[in-house]
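Chemist:
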Amino acid sequence: MTKNTHFNWLNALRMGLIGGVVALLISLVGMVEEFSQRDIIAGVITMGQTLLFIAILMAGYFAAGRAAGQPGLNSLPSGALAGLVTAGILAVLVVIIPLLNLRAILPNASPALIRILTFLQESLVVGIFYLLGAGAMIGAAGGLINILPAGIRRAVILALFWVGLLGLLQELLRVTLTNMPQVGAVLSWMFGSRGLSVPGAIAVFVAVAGGNYLWASQGDKVQDRIRAQPPATHRAMRWGSIVVAIAVVLYLPRVLGPYLSDVTNSVGLFILMGLGLNIVVGFAGLLDLGYVAFFAIGAYVMGVLTSSAIGQNAGQIVFGPQLSFWQALPIAVGVSVLFGIILGIPVLKMRGDYLAIVTLGFGEIIRILALSDFLKPYIGGSQGIVEVGEGQIGPVIFNTPQTLYYLIVAGCLLALFISRRLRDSRPGRAWKAMREDEDVAQAMGINLVATKLLAFGTGAAFSGLSGAIFASKIGSIYPHSFSLLISINVLSLIIVGGMGSLPGVFVGALVLVGLPELLREFSEYRLLMYGALLIVMMLTRPEGFWPEATHKREFHEAAASEVAPESAPAS
Amino acid sequence: MAPILTARQVTKRFGGLTAVNNLDLEIQERFIHSVIGPNGAGKTTFFNCVTGFNQPEAGEILLNGHHLERLSPDRITQLGIARTYQNIRLFANLTALENILVGQHPRLKSGMLGAIFNTPGTQREEAKALAEARRLLAFVGLTGKGDHLARNLAYGDQRRLEIARALASKPKLLLLDEPTAGMNPRETEAMTAFIHRLRDELGLTIMLIEHHMGVVMGISERITVLDYGEKIAEGAPVEIQTNPRVIEAYLGREEAEAAGEPA
Amino acid sequence: MLRRFLERFTLTDLFMWLVGGSILALIVVGSFLTLRAGHYTARHWFDFVVFGLAQGSVYALIALGYTLVYGILRMINFAHSEVYMSGAFTGYFVADAMNRSGFLDQNPLLALLALFAVAMTTSITVAVLLERIAYRPLRRSPRLVPLITAIGASFFLQYTFRGLYGSQNRAYPDVEVLDGAWSLGGEFIIQKIQVVVIVAAAVLMFGLYTFVQRTRTGKAMRAVSEDKDVAALMGIDVDAIIVRTFILGAALAGAAGVLYALMFRQVNFFMGFIPGIKAFTAAVLGGIGNIPGAMLGGLFLGLFESVGPTLFLDGLGIPAPYQLKDVIAFTMLVLVLIYRPTGILGEQLTTAKA
Chain L
8 MTKNTHFNWL NALRMGLIGG VVALLISLVG MVEEFSQRDI IAGVITMGQT
58 LLFIAILMAG YFAAGRAAGQ PGLNSLPSGA LAGLVTAGIL AVLVVIIPLL
108 NLRAILPNAS PALIRILTFL QESLVVGIFY LLGAGAMIGA AGGLINILPA
158 GIRRAVILAL FWVGLLGLLQ ELLRVTLTNM PQVGAVLSWM FGSRGLSVPG
208 AIAVFVAVAG GNYLWASQGD KVQDRIRAQP PATHRAMRWG SIVVAIAVVL
258 YLPRVLGPYL SDVTNSVGLF ILMGLGLNIV VGFAGLLDLG YVAFFAIGAY
308 VMGVLTSSAI GQNAGQIVFG PQLSFWQALP IAVGVSVLFG IILGIPVLKM
358 RGDYLAIVTL GFGEIIRILA LSDFLKPYIG GSQGIVEVGE GQIGPVIFNT
408 PQTLYYLIVA GCLLALFISR RLRDSRPGRA WKAMREDEDV AQAMGINLVA
458 TKLLAFGTGA AFSGLSGAIF ASKIGSIYPH SFSLLISINV LSLIIVGGMG
508 SLPGVFVGAL VLVGLPELLR EFSEYRLLMY GALLIVMMLT RPEGFWPEAT
558 HKREFHEAAA SEVAPESAPA S
Chain A
316 MAPILTARQV TKRFGGLTAV NNLDLEIQER FIHSVIGPNG AGKTTFFNCV
366 TGFNQPEAGE ILLNGHHLER LSPDRITQLG IARTYQNIRL FANLTALENI
416 LVGQHPRLKS GMLGAIFNTP GTQREEAKAL AEARRLLAFV GLTGKGDHLA
466 RNLAYGDQRR LEIARALASK PKLLLLDEPT AGMNPRETEA MTAFIHRLRD
516 ELGLTIMLIE HHMGVVMGIS ERITVLDYGE KIAEGAPVEI QTNPRVIEAY
566 LGREEAEAAG EPA
Chain Y
8 MLRRFLERFT LTDLFMWLVG GSILALIVVG SFLTLRAGHY TARHWFDFVV
58 FGLAQGSVYA LIALGYTLVY GILRMINFAH SEVYMSGAFT GYFVADAMNR
108 SGFLDQNPLL ALLALFAVAM TTSITVAVLL ERIAYRPLRR SPRLVPLITA
158 IGASFFLQYT FRGLYGSQNR AYPDVEVLDG AWSLGGEFII QKIQVVVIVA
208 AAVLMFGLYT FVQRTRTGKA MRAVSEDKDV AALMGIDVDA IIVRTFILGA
258 ALAGAAGVLY ALMFRQVNFF MGFIPGIKAF TAAVLGGIGN IPGAMLGGLF
308 LGLFESVGPT LFLDGLGIPA PYQLKDVIAF TMLVLVLIYR PTGILGEQLT
358 TAKA
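Chains as they are written, first to last, in our numbering: chain L, 8 to 578; chain A, 316 to 578; chain Y, 8 to 361.
1) With burial defined as no fewer than 16 other Cβ atoms inside 10 Å of the residue's Cβ, what is the status of L/L257: buried or exposed?
2) Mapping the DSSP letters down to three states, classify L/L257 as helix, strand or coil.
3) Ignore the nearest five residues each way along the sequence and tell me which others in L/L88's own chain have a CB closer than 6 Å to its CB.
4) Would you decide whether Y/L240 is buried or exposed? Buried here means 16 or more other CB atoms lie within 10 Å of its CB.
5) Per the DSSP calculation, Y/L42 is bridged to which residue(s)?
6) So L/V170 packs on L/F212, CB below 8 Å; how close in whole Å?
7) Which class does L/S568 belong to by DSSP, given the choice of helix, strand or coil?
8) A/T539 lies in the beta strand (DSSP E); which residues open and close that run?
9) By the 10 Å Cβ neighbour count, where 16 or more other Cβ atoms means buried, how is L/F168 classified, buried or exposed?
10) So which of Y/W189, Y/A178, Y/P149 and Y/S232 has the shortest CA-CA distance to L/G292?
11) Where DSSP assigns a beta bridge to A/P398, which residues make up the other side?
12) With a threshold of 8 Å, are at least 3 pairs of Cβ atoms found where one atom belongs to the segment 489 to 502 of chain A and the other to the segment 462 to 478 of chain A?
13) Would you call the CB atoms of Y/A207 and Y/L266 closer than 8 Å?
14) Which residue from A/G518, A/R514 and A/A411 puts its Cα closest to that of A/R474?
15) Give a yes or no on contact between the segment 505 to 519 of chain L and the segment 321 to 339 of chain L, applying the rule of three or more CB pairs nearer than 8 Å.
16) Let me know the secondary structure DSSP gives A/R323 once reduced to three states.
17) Going residue by residue through the segment 192 to 240 of chain L, where are the continuous alpha helix (DSSP H) segments of at least 4 residues, counting only ones entirely within it?
18) Restricting to runs no shorter than 4 residues, where is the alpha helix (DSSP H) found entirely within the segment 82 to 148 of chain Y?
19) Could you tell me the alpha carbon to alpha carbon distance between L/G281 and L/I502, rounded to whole angstroms?
20) So what's A/Q370 in DSSP terms, helix, strand or just coil?
21) With a cut-off of 8 Å, does the C-beta of A/L451 fall near any C-beta of chain L?
22) If you pair each beta-carbon of the segment 342 to 352 of chain A with each one of the segment 323 to 331 of chain A, do three or more pairs fall below 8 Å?
23) Within its chain, find whatever has a CB closer than 7 Å to the CB of Y/L40; leave out the 5 residues flanking it on each side and keep chain order.
24) Alpha carbon to alpha carbon, how far is L/F290 from L/R245?
25) Within 10 angstroms of its Cβ, does A/K460 collect 16 or more other Cβ (buried), or is it exposed?
26) Shortest alpha-carbon distance to L/L583 belongs to which of L/L263, L/N81 and L/L139?
27) Does Y/T17 come out as helix, strand or coil in the three-state DSSP assignment?
28) Could you check the C-alpha separation between Y/M228 and Y/I79 for me, to the nearest Å?
29) Any idea what DSSP makes of Y/G350, helix, strand or coil?
30) Quick check: L/V36 and Y/L171, are their CB atoms within less than 8 Å of each other?
31) If we call anything under 8 Å between Cβ atoms a contact, is Y/E154 one with L/D360?
32) Alpha carbon to alpha carbon, how far is Y/H46 from Y/T132?
33) Taking Cβ to Cβ, would you say A/N402 is nearer than 8 Å to A/A465?
34) Closer than 8 Å, CB to CB, is A/F509 near chain L or not?
35) Report yes or no: is there a C-beta of chain A within less than 8 Å of the C-beta of L/K439?
36) Taking the continuous beta strand (DSSP E) assigned at Y/L323, which residues delimit it?
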């Protein structure tokens, strides 16, 4: 490796260009404007500006450091250069928008965008000057972060992340915790009216950075001390944490209030579906893109069996036994399992891409049939089914977010329990073997037909359960709710969490379902972000954020194994 | 002793290519029977026909009187045939123990319900299976590596794990496809001794594809030689070594003439 | 004997035969009833057929993109539908501008050429970026990874274009020269635009076929799709060939986008999704990797989809059969993949897909 001491223009330029294109896209897609309605640090910086700064920061970061051949102090100017180029591209945009009347083609190239990009300055020239200056400074900062020693760098990045996160979630935190007055006082100091207050932001930054740094250096010692404790203490600690966890779960709806409980319920329904798809895709390796079909079937069976809107008029269905929720629930799950098997039979011999697209087709077929006039008398067509039944145990009716919460938690726990048991069992091993190498699995005596149908059926069961609860929760069912987007949603969350990983499903759901529910801006750009996230994750961390240990090795070493192995010749 | 495997007039075609042509073969119980021949002679294809991965166009294959030709691979394994592969095909991302446990699949019974409810029957069976898997691991000399991912094992260990996995289904007939490929002389010797152990201690019948002539001649009771999908010779090692057709197939006509036989 | 028969045919095979048989019965009985009822005249059927051919031509052009990429990379380029959409959608702005300035009416030929050029360039750009950023780094990854990336890319592109251009439907302007219809023998009428679409598509497809069969690049493409590594050893620049494959497929998709838009007028960010799946169905129908197959598959699918709902379902008393048009296409996909996975003309891949 030659020591490169002269300034690497090209790389900085390239990073700047990439950053510029990304910033351009973010702006023109409308994210900057949309996100600017929310402040991260009140009065100082908005979410929209943060997005742009992140782009510039990363351009500066990647233009610097050893990887770019810019060790040491060269990092700062190269980071600055990259940042400058990025900002420059934005500046060009600012100029040509009015010049070429870009707004006619790109509706988001609006005056509001220009104002944001030029720091709300009256004069365009001054604004552009500020923009370029900011670009250079932030780029340099990115370069600086790159050359920090690893421990400090990690602490800084984590701290920035948490400042951003808390700024985003400030509404949520305030709403929840105003229930507890002691905490409320701290909160009003930390948060201004629209975001973190400046002292609050600084406090968070210092706390997280300091905490992370301390843990990195002292954490091992603490862990050793804990490990050295006698087993009795261990047991006590374990039981203690279980009790705390149960208490939190039981008490949560009271703390969250109705709106947030509802959000949690949505997350929970997706967790339930995710656990099901995790069996199909994660354990058995069958990429099912039509998973929403079983969600729909579960919902529709619940709807048809419990609806009280029976008759010949609009909005009514002609046949309905008006069973109770609890009577209909097992039937709904059973029918879903049946369909899981029925839709699994045609695809038994298909693999990979073909399997994916055929299952996608099935999902669409179900949706189209649900929407059609052909089946309208029986399942409501485009008008759907209304007056779906509600569950009831004793005096408790499951029709509010807080009560439904317990129903959904029960469902998720059941699914989690079953998944764990299956994972470490003979059927679970058969699935994993099939996922690894179908032909050899069959040669091991595994009946592929039975194993695949078992996977499809079990996955469908969880999805059907989720659908049935969903129908009862909303009280009515419309075919528009059952589109491909839900399948993609569920697939994304198990991929982000980690395929085959059970905690990963929870993590994925929290991030991919929770955030858009809480933050309207995220909801607006939901699918764009899912798509980008899927691509980025497959490129950088295909095993997910909380991987099943084996999967992590599979993805990273598949590429490595292509390089000729040390000793094995082909014979 | 009765033949454990009988193949009669087995023919397998791939489009215009006849890979196996009217092959007759008998394997006696508890024999170590090698199938050899130049590359492309149809050895692995024949193995695939026996294990059900390929369906022969014509002919019969019988295991202790049971017809195998139309059965699916999993049925055939349940009947008592297991194999290893030319280029190792372990379940790379499962641990060594998990690989062996999968191998036990046809001998275990617990299903979904047993797993979900963790019935005493299932618990017992899983405990037994795990113990058996550890025993097999020790038998092939991989004690202590049970929790390693199959992908991370050394090449020689992987080969042995594959055999352990094959043994897990308690087969009557074991098919080994080039078990000494890629091994140095010391490892080859160890593998040869090991194959002997398999037959002597476990009472298995072994069918072997092998290119290493030293191994073949030293270990086999009977050898069948294939060339272009047809059997060109069969017999004890001594007979095969001096058979001119065999020499011709491997080394060419000149060498056969040099061995003193008419062309 | 019976035991042998039972060992061969399992319960699942029985199920599939039942399903296949029912569908066949449905088709036959439905067609018979529809024709007997006689609600539709020859003219109606002619209209359906022509419409089907025109739409099928569009599918065929898009299908070629899928089949080319699958042949060379063994992956379904899920995002190809967005490559198609990007061309059509971007073309709208050019068409609109030309219409407003009067250029479109004054120099229709030149204007249309410009339109095609813009659309095809946009599609090509998107496809090349896609290959470079999302697909190339993952060429050696396990099966599932590029597939998921492609799905992610598809959604990312859809919603990026939604963000860029807005979520409303846009309509291509009227092109005077393409308006109107010709009559054949007095009884039957065929629209000018339909003729243009069918002819233009045929020309493009013929051009592609010649290119792949006759030119050096075409030969190299076929070599790479047979065996990437051996082709590299022969001195072929595999990366460059792959890029060129994407470019070809994208160019055809962009052209298809313009043709579609000229025929049906409406464009929006979502327009690629369903045609994309149908085009992929067409590619599989004809035999994946097989170029004449994709063309035939497209036409066949278009016909089937246009004539099918009315012919099969109307006689059976199903209301609004056109709603189930897509169901017919998807069902066809499933049936082809089950009963004849190598397609009508057979796959052009030497190794089985595994």
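All C-beta atoms in this analysis are idealised placements derived from N, C-alpha and C, irrespective of residue type, glycine included.
Modeler: Reading from the atomic positions:
1) So L/L257 counts as exposed.
2) Helix, per DSSP.
3) Cβ contact annotation for L/L88 (same chain, cutoff 6 Å, sequence separation greater than five): A19, in chain order.
4) When all chains shown are included, Y/L240 counts as exposed.
5) Paired residue(s): none; Y/L42 is not in a bridge.
6) L/F212 and L/V170 do touch by the CB rule: their CB atoms are close to 5 Å apart, below 8 Å.
7) Only weak support exists for where L/S568 lies, its pLDDT of 47 falling under 50; the coordinates are left without a value.
8) Unbroken beta strand (DSSP E) run through A/T539: R537 to D542.
9) L/F168 comes out exposed.
10) Nearest of Y/W189, Y/A178, Y/P149 and Y/S232 to L/G292, Cα basis: Y/P149.
11) Rather than Pro, the amino acid found at residue 398 of chain A in this sequence is Arg. Paired residue(s): A/L490.
12) For the pair of segments examined, the segment 489 to 502 of chain A was found to touch the segment 462 to 478 of chain A: the number of CB pairs separated by less than 8 Å reaches three.
13) Judged by beta-carbon spacing, Y/L266 lies within the 8 Å limit of Y/A207, meaning their Cβ atoms are closer than that value.
14) Comparing alpha carbon positions, the residue from A/G518, A/R514 and A/A411 closest to A/R474 is A/A411.
15) Touching, no.
16) Annotated three-state conformation of A/R323 is strand, per DSSP.
17) Taking 4 residues as the minimum length, the alpha helix (DSSP H) runs contained wholly in the segment 192 to 240 of chain L are 205 to 234, in order along the chain.
18) Secondary structure remark: continuous alpha helix (DSSP H) runs of at least 4 residues inside the segment 82 to 148 of chain Y, in chain order: 87 to 108, 110 to 113 and 115 to 137.
19) C-alpha separation (whole angstroms): 10 Å.
20) The DSSP-derived three-state label of A/Q370 is coil.
21) By this cut-off, A/L451 is not an interface position.
22) Contact between the segment 342 to 352 of chain A and the segment 323 to 331 of chain A is absent, because fewer than three Cβ pairs lie under 8 Å.
23) Answer for Y/L40: G322 and L323, listed in chain order.
24) The alpha-carbon atoms of L/F290 and L/R245 are separated by roughly 29 Å.
25) It is buried - the Cβ of A/K460 has at least 16 other Cβ atoms within 10 Å.
26) Any property of residue 583 of chain L remains undetermined from this structure, which presents chain L solely from 8 to 578.
27) Note: Y/T17 maps to coil in three-state DSSP.
28) Approximately 7 Å, taken between the alpha carbons.
29) Residue state, collapsed to three classes: coil.
30) Cβ distance < 8 Å, so L/V36 and Y/L171 count as in contact.
31) Glu is not the amino acid found at residue 154 of chain Y; the sequence shown has Leu there. Yes; because the gap between Cβ atoms is below 8 Å, this pair is in contact.
32) If I take the Cα positions, the gap works out to 48 Å.
33) Cβ distance not < 8 Å, so A/N402 and A/A465 don't count as in contact.
34) No, no contact with chain L.
35) True, the Cβ-Cβ gap to chain A drops below 8 Å.
36) No beta strand (DSSP E) contains Y/L323, which DSSP labels as neither H nor E.
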